[in-house]
Amino acid sequence: MKVKQIVVGVAVVAIMGYLYSLPVKGLSQTKEATRGQAAAGAAPMVKANANINVATVSASAKVNIDASVAQQITTLENKLKTASDADKATLQRQIAKLWDSVAQPAPAAFYYLDIAKQSNAMADWLDAGKDFNAAYKLSQDTSAQGTYIVNAVDAFKNATKLQPASLEAKTGLGVAYVNGGAMPMQGIALLLDVVKQDPKNHDALLNLGMFAMKSGQYEKAVDRFKTLIAQKEELEPYFYLAESYKQLGKKKEAIAAYEKCKDIMGDPSAGARIDEFIKELKK
């Protein structure tokens, strides 16, 4: 089994707690937003925490990665301290890619953000925004989540200024808006617009499905995940499909989806937690 597959499998199980413990603030509990709906009574937008920065997130992330990779990053960080302006972006990009390679999006995001502020390049804003959204998704540290969302919104707004029609930028901004809490209906409207233009858009469908789950719309979530799986069988949509079926009381379908998760993982130890879910459903 590839390392990437293992990382994805662990991440999916880890964010199950996030999925149910952190409901979307201000999101309708009965239906998806339609274009133009206002977010009445929405929670205030999250704020950035000055104590959450590249140094603090890098220090905590190094504890969770292989020592050899951590050492490579430290070596590059030391070079960065004395690098010329001409060399800084190259070193920052190398560090960011190393962090991405070990599934640590938070420190990578800060590096991409700094690069983007200097280059104002579309690809750099997108990389920063995607990693900040990923950092939010994988983190349960509320003191850090606000910073991730604020920076994700900023990155994707800058990307949309450069390319207003970019579906990737619209999707990222929509996700950040919903996660941030102040404008969930605007975020959902952006995602729905993306799917209208591209009915098979992976990221928009996945996030619409997840947000449907958070607001108790499990039938809609099932439709989203089945559309994704019809395109390509992947672990994450199968996992959420299983969770949606479980919430709907469709045990047979949930078990089948969980079994598919195990097949995709291909690792008995990684699938042990899935076995617990299946055992519970068979009672």
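Numbered according to UniProt numbering, the sequence shown spans residues 1 to 283. All C-beta atoms, glycine included, are put in the ideal place defined by N, C-alpha and C. Because the structure is a prediction, the values reported are computed rather than measured.
Once the 5 residues before and after residue i are set aside, which same chain residues still bring their CB inside 7 Å of it?
i    : result
A67  : none
D198 : L167
L113 : A128, N151, A155
S244 : M213, Y218, A221, V222, F225
T74  : none
K262 : G271, I274
A70  : K62
L205 : V195, R224, T227, L228
E253 : Y245
D203 : T171
K79  : L91
K251 : L281
Who are the Cβ neighbours of residue i in its own chain at under 8 Å, not counting the five residues just before and after it?
i    : result
A116 : D124, W125, D127, A128, A155, N158
L201 : This sequence places Asn at residue 201; Leu is not what is there. Cβ neighbours of N201 beyond the five flanking positions: L167, T171, V194, V195.
Q94  : L76
Q72  : L98
Y111 : V54, Q92, R93, I95, A96, W99
S101 : V69
Does DSSP put residue i in a helix, a strand or coil?
i    : result
N78  : helix
K282 : coil
S84  : coil
P107 : helix
A65  : A small correction: the amino acid at residue 65 is Ile; Ala does not occupy that position in the sequence shown. I65: coil per DSSP, three-state reduction.
L98  : helix
K250 : coil
N133 : helix
K232 : coil
K47  : coil
I73  : helix
I52  : coil
P268 : coil
D263 : helix
A33  : Low per-residue confidence applies at A33: pLDDT is 41, beneath 50, and the placement is therefore not dependable, though the value from the model is reported in the following sentence. The answer is coil: DSSP assigns A33 none of H, G, I, E or B.
A121 : coil
Ignore the nearest five residues each way along the sequence and tell me which others in residue i's own chain have a CB closer than 6 Å to its CB.
i           : result
A144        : I52
N179        : Y136, I149
K47         : G146
residue 285 : Absent from the structure is residue 285, since the part of the chain shown begins at 1 and ends at 283.
V175        : N133, N207
V153        : A176
P187        : Correcting the residue identity first, residue 187 is Gly in this sequence and not Pro. G174, Y177, V178.
K283        : none
A230        : none
If we cut at 7 Å on Cβ distances, does residue i have a partner in chain B?
i    : result
N179 : In the structure shown, chain B cannot be found, because there is only a single protein chain.
Legend entry - Cβ pair count under 8 Å reaching 3, the segment 157-165 against the segment 130-147: no
Inset, instruction - Return the chain-ordered ranges of every beta strand (DSSP E) run that is complete within the segment 139-218 and spans a minimum of 3 residues. - result: none
Legend entry - the segment 104-120 contacting the segment 49-69, beta-carbon criterion three pairs below 8 Å: yes
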